[in-house]
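Novice: Dumping the structure here so I can ask a few things about it.
Numbering (our numbering), first residue to last: 6 to 738.
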């Protein structure tokens, strides 16, 4: 906003001009009267004029007439300008801020006053819109704070109850801790006793291991001796088997001898018979025969005795052999049993060793348990102290919680007062009519309104602010406004999918820019079914029977941009047009460029030297303008038909054309304002993005609830210009 010194200076300039104008007017009127009076006094003066038309007096008279006529024209224009400014001032005084800037070409001679009025209106609008933005933020913050306070209040109440409960439980805990400490001390004593017992058991087990080990060694030695005995028994058994075989052979020989003795006996008998037959001559043969018989008999008797003895030996050997065989078998069985016993002894030895190791481990663990028990006991004592302190602190916390509850109640009350103050601020802002107001009537049934817009540029952020403010105004009117912000990089399919999603959900009304050709049949079908649709920023084609279009006259924007370019270049220079040829928003670029070029044709000393294709990003604008300037330095002005004009300002600076080339563009942002302050951008035309987000929603709500149609088919946005005259105020804000 303008400072006090600037206002005094402006007032002084206006006051200085008015007396000068009055004095000049009075002199001209007096001079004209002096010259005209002689003419009116008689025919002589007329005759002199007829005879000498170019004498000094006549020339003065003609000049006086011309001056008087010019003065009358100037005065007429002056008062016409004053009337225009006065009418805007009356609207401003009545709270109507939603008006465009006064055109400088409409108030010649009062440029300073016009700029001052425009600045005042712009600053007031900026203040109101910033206030609305702050109201949105504050309202949201108060709402969150209220919910948080309510939650905190309930939480603190719950805490207060729980703290008291905790205090009671802390006392119980204190008793339990005392009992626990006593129990731990008892456990410690028992653990020490167990530790001593385990130490004794460990000694017993260790002795047992030694004894078992010694027994195992003796068993191994005894097993070796058993193996030796087993081998000897086996050898004895084999000996008796061989002896039996030999005795059997003796028996067979004895039987052979018996048979021979039997034959000898028969032979002796036969010899006796033959000797008896021979008589006296056979006496010697008879003696021999008798001896043979006696020998056979004695042999038989001896053999019989031998046979009897051998049979006895055989019978005894069989018994001994069988006994030895049974002993061998029994010994083998005993050997196997003893081997099993030996293995058991080895297993017992291994288990005893493991048991010994385990007992050592248990002893170690018991010692650790004993240590831990002592530590736990000391910690239990610390816990006892802590529990005692907790008990005291919980009582203090309970008292503090009660105090906090009282403070929260006070904060809650203050928050309510802040909310009331915010409501008063809203009511104050409503006194300045920057936008349409919703009707008082609330919707009898739940309404759903869909608002679709891009979110890839600072302009759309301001649009979103307007949507949020409309949502806040309609918060208690039974209506849901859903904002769909399409992020950077979105395309037509994303827009169509979002739109179809809202249609499937049964939304009652739609607000969207007319960017996408494929969406036109969908919107046309909606309107044919009686679903209200409002376009904004860029209109639909005529076949879409939308309720209204809220946005700028893009062609006229181009015309006004050409007038600004004319002023920037003092009516002379070469201009580059940077505009989009394809993609989203091409229609806006086309209309602005057409209006600009059509108006520029009226300025004979201004020429268009080229076109460069861009989109709405500063990076692309910078790259394209830089490339053009590298080939053609003879550029005095650049018209940017869409977003990203700060890219053109950067390209001008890098090309060394700062101070020579000027940019005229659209929309307002900090980067654009800084470039205006630096003298690179001459002027930026605003198109009320806040209103484009806010007003269509309210118009469509009023139509749905109260049947109020928008005031016209095309509701134009405000026309605001920021240049070097007012940029400082906006940068400060």
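Positions of the beta carbon are idealized from the N, C-alpha and C atoms, including for glycine.
1. Residue 690 and residue 671 - do their beta-carbons sit closer together than 8 Å?
2. Can you list the alpha helix (DSSP H) stretches of 4 or more residues lying completely in the stretch 638 to 726, in chain order?
3. Would you mind sorting residue 47 into buried or exposed? The rule is 16 or more other CB atoms within 10 Å of its CB.
4. Of the choices 557, 512, 446 and 470, whose alpha-carbon is the least far from that of residue 454?
5. With DSSP as the reference, label residue 520 as helix, strand or coil.
6. Using CA coordinates, which residue listed in 274, 312 and 234 is at the minimum distance from residue 254?
7. Where does residue 334 sit, in a helix, a strand or coil, going by DSSP?
8. Ordered along the chain, which non-local residues of its own chain (more than five positions away) have a Cβ less than 6 Å from that of residue 719?
9. Residue range of the alpha helix (DSSP H) that residue 613 falls in?
10. Alpha helix (DSSP H) containing residue 471: first to last residue?
11. So for residue 628, helix, strand or coil by DSSP?
12. With 16 as the cutoff for other CB atoms within 10 Å, does residue 485 come out buried or exposed?
13. Within the continuous alpha helix (DSSP H) that includes residue 555, where are the two ends?
14. What separation, rounded to the nearest whole angstrom, lies between the Cα atoms of residue 51 and residue 564?
15. Rounded to the nearest angstrom, what separates residue 614 and residue 549 at their Cα positions?
16. Express the C-alpha separation of residue 509 and residue 639 in angstroms, rounding to a whole number.
17. Does DSSP classify residue 47 as helix, strand or coil?
18. Which residues does DSSP pair with residue 456 in a beta bridge?
19. Exposed or buried, what is residue 736 when buried is set at 16 or more other beta-carbons lying within 10 Å of its beta-carbon?
20. Which residues in the same chain as residue 653 place their Cβ atom closer than 6 Å to its Cβ, once the five residues preceding and following it in sequence are excluded?
21. Does DSSP classify residue 567 as helix, strand or coil?
22. Roughly how many whole angstroms lie between the Cα atoms of residue 634 and residue 661?
23. On the CB-based measure, 16 or more other CB atoms within 10 Å of its CB, does residue 526 come out buried or exposed?
24. Could you give the first and the last residue of the continuous beta strand (DSSP E) run that contains residue 579?
25. The alpha helix (DSSP H) that contains residue 732, what's its start and end?
26. Under 8 Å between C-beta atoms, does residue 598 make it to chain B?
27. Residues in the same chain with beta-carbon distance under 8 Å from residue 481, minus the five sequence neighbours each way, listed in chain order, please.
28. Exposed or buried, residue 170, counting other C-beta atoms within 10 Å across all chains shown (16 or more means buried)?
29. Please classify residue 540: is it buried, with 16 or more other beta-carbons within 10 angstroms of its beta-carbon, or exposed?
30. Drop a sphere of 10 angstroms on the beta-carbon of residue 163, count the other beta-carbons inside from all chains shown, and report buried for 16 or more, exposed for fewer.
31. What separation, rounded to the nearest whole angstrom, lies between the Cα atoms of residue 658 and residue 681?
32. Quick check: the Cα distance between residue 716 and residue 706, rounded to an integer number of angstroms?
33. Give the single residue among 299, 402 and 330 whose Cα lies nearest to the Cα of residue 236.
34. Starting from residue 527, trace the alpha helix (DSSP H) in both directions and tell me its first and last residue.
35. Take every Cβ of the stretch 567 to 576, pair it with every Cβ of the stretch 529 to 540, and state whether three or more of those distances are shorter than 8 Å.
36. On the DSSP bridge assignment, give the partners of residue 728 in chain order.
Specialist: From the atom records:
1. yes
2. 650 to 659, 675 to 682 and 694 to 711
3. Since pLDDT at residue 47 reaches only 49, below the 50 mark, its modelled position is unreliable, and no value is offered.
4. 512
5. coil
6. 312
7. helix
8. 554
9. Note, residue 613: premise wrong, no alpha helix (DSSP H); beta strand (DSSP E) at 611 to 618.
10. 463 to 478
11. helix
12. exposed
13. It is not in any alpha helix (DSSP H) - residue 555 instead sits in the beta strand (DSSP E) that spans 553 to 556.
14. Confidence at residue 51 is low in this model, with a pLDDT of 48, below 50, so its placement is unreliable and no value can be given for it.
15. 37 Å
16. 56 Å
17. Here the model assigns residue 47 a pLDDT of 49, short of 50, so the residue's position is not dependable and the matter cannot be decided.
18. 488 and 516
19. exposed
20. 626, 630, 643, 645 and 668
21. helix
22. 10 Å
23. exposed
24. 578 to 584
25. 732 to 737
26. Absent from the structure is chain B; it holds one protein chain and no more.
27. 447
28. exposed
29. buried
30. exposed
31. 13 Å
32. 14 Å
33. 330
34. 525 to 533
35. no
36. 688
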